[in-house]
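Residues 15 to 343, numbered by this note's numbering, are exactly what the sequence shown covers, in order.
Glycine included, every Cβ here is placed at the ideal spot set by N, Cα and C.
What follows is a single structure, written as structure tokens, with notes after it.
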Amino acid sequence: MSDTLLEVQGLKKYFPIRGGILRRVVGHVKAVDDVSFSVKKGETFGLVGESGCGKSTTGRTILRLLEPTEGKVLFDGVDVASLSTRQMQKTRRDLQMVFQDPFASLNPQMTVGELIEEPMKVHNLYSPEERKKKVIELMETVGLDPVYQQRYPHEFSGGQRQRIGIARALSLKPKLIIADEPVSALDVSIHSQVLNLLQDLQKEFGLTYIFIAHDLSVVKHISDRVGVMYLGRMVEIAPKNELYNNPAHPYTEALLSAVPIPNPRLKRERIVLQGDVPSPANPPSGCAFHPRCPKAFDRCKVERPQLQDMGNGHYVACHLFANEESKAV
């Protein structure tokens, strides 16, 4: 039996650009452009890249909060993208999301107890008495005092609101949770508390995570494998230690050079990329990174690189490593 829980194949999400008096489609924003990767049961797959690279859109498209333009999302062997609305509602029990802004994701007119209980009501789980008990258990699990269940979201701190969001995601006992920058809106002092909570919950409930972030030090702390995205495309995938110690793609090297070293005596050579990030509405031909890449050559401008197997679970989409024996994935 395969230990792969999620397999994303050729996922695309294009947003139409409309113009003129008749509002006709004149182009597309290619937010996610042919992304493929897999996630094993029980692991944490980190997804990193600059703001606007398509990380959050990828997560939302996997859950069908946004309908995919093209591609397959195989969850437990079933293509989520082809399910009907009713079938998808059943599948959502196993697929949950923790959003970036905990305050915006919580209904301000509902109490904490109601917010955590709501998913169980929607899916007709348990009796009213059992749901009340589950709410208390979940609040205790995420480190919140159940005595506060009659309070409203605005009465809590950012870290506490994120714990409420995590409790709500856990209420359906999901198999996969997509955490979309869950600590970026929180104070630095709260980061480690939320990250440690997510790791403890993963061990306790056997959860699988897709952890989306732009902070590479946070991703290294929590992830087993990491995928690097640039302009809607996956450019590198590797186990975290392999990626951080031996980055292959020039873009990954530039990202890692910006991560601070917690030692004032050590210095890292900073790689400063030239130019601006191209528009996803008009991405460059060939390799999308070539206009900013210090190692680009003629082939990069005309031919789009595919992910090549570098060994040890390390894949990179770069012509610098292309050879006949490489296997595209």
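Requested in this report: Could you name the residues of the same chain whose beta carbon sits closer than 8 Å to that of K341, not counting the 5 residues immediately before and after it, in chain order?
Outcome: Residue placement at K341 is flagged as unreliable, the pLDDT there being 38, under the threshold of 50; the coordinate-derived value follows with that caveat. Same-chain partners within the cutoff: Q322 and D323.
Is K54 closer than 8 Å to T105 when the C-beta atoms are compared? For T105 and K54, no; Cβs fall outside 8 Å.
(message) Report the CB separation of A336 from P308 in whole angstroms; it is logged as a contact under 8 Å.
(response) In fact, because the Cβ distance is near 18 Å, the residues do not count as touching under 8 Å.
On the three-state DSSP scale, how would you describe V49? Looking at V49 - three-state DSSP - the assignment turns out to be strand.
Strictly by DSSP, which residues pair up with K26? Residue pairing by DSSP places K26 opposite D47 and E84 in a beta bridge.
* Asked: Just the Cα atoms here: how many angstroms apart are K315 and P292?
  -> Rounded to whole angstroms, K315 to P292 spans 14 Å at the Cα level.
**Request:** Over the uninterrupted alpha helix (DSSP H) stretch that includes Q213, give me the two end residues.
**Result:** For Q213, the enclosing alpha helix (DSSP H) covers residues V202 to F219.
**Per-residue DSSP class, three states only, for G33** = Assignment of G33 by DSSP, reduced to helix, strand and coil, places it in the strand class.
Any idea what DSSP makes of Q101, helix, strand or coil?
-> Q101: helix per DSSP, three-state reduction.
Close-in-space but distant-in-sequence residues of the same chain around H205 (CB under 8 Å, 5 per side omitted): Contacts found: V197 and V232.
To which residues of the same chain is L209 closer than 8 Å at the C-beta, ignoring the five residues directly before and after it? For L209, the CB contacts under 8 Å within the same chain, skipping 5 residues up- and downstream, are V197, V232, H235 and I236 in chain order.
Excluding the 5 residues preceding and the 5 following V273 in the sequence, name in chain order all residues of the same chain whose CB lies nearer than 7 Å to its CB.
Cβ within range, chain order: L230 and S231.
- Message: Let's test the definition: count the other Cβ atoms within 10 Å of the Cβ of E283 and tell me whether it reaches 16, buried, or not, exposed.
- Response: Label assigned to E283: exposed.
Alpha-carbon spacing of L212 relative to P305, whole angstroms
So the two alpha carbons sit approximately 38 Å from each other.
> Pick from K26, R32, Y166 and K44: whose alpha carbon is nearest that of N296?
Replying inline: Closest by alpha carbon: K44.
| request: My understanding is that L20 touches S52, with C-beta atoms under 8 Å, so please give their C-beta distance in whole angstroms. | output: Between S52 and L20 the Cβ distance is about 7 Å, and since that is below 8 Å, they are a contact.
Point to revise | Backbone CA spacing between P264 and V49 [nearest angstrom] | key: If you draw a straight line from the Cα of P264 to the Cα of V49, it is about 19 Å long.
In the DSSP assignment, find the beta strand (DSSP E) that holds H235 and state where it starts and stops.
Not the beta strand (DSSP E): H235 falls in the alpha helix (DSSP H), residues L230 to I236.
Member of Q103, E81, D108 and Q216 whose CA lies at the smallest distance from the CA of A95: With distances taken between Cα atoms, A95 lies closest to E81.
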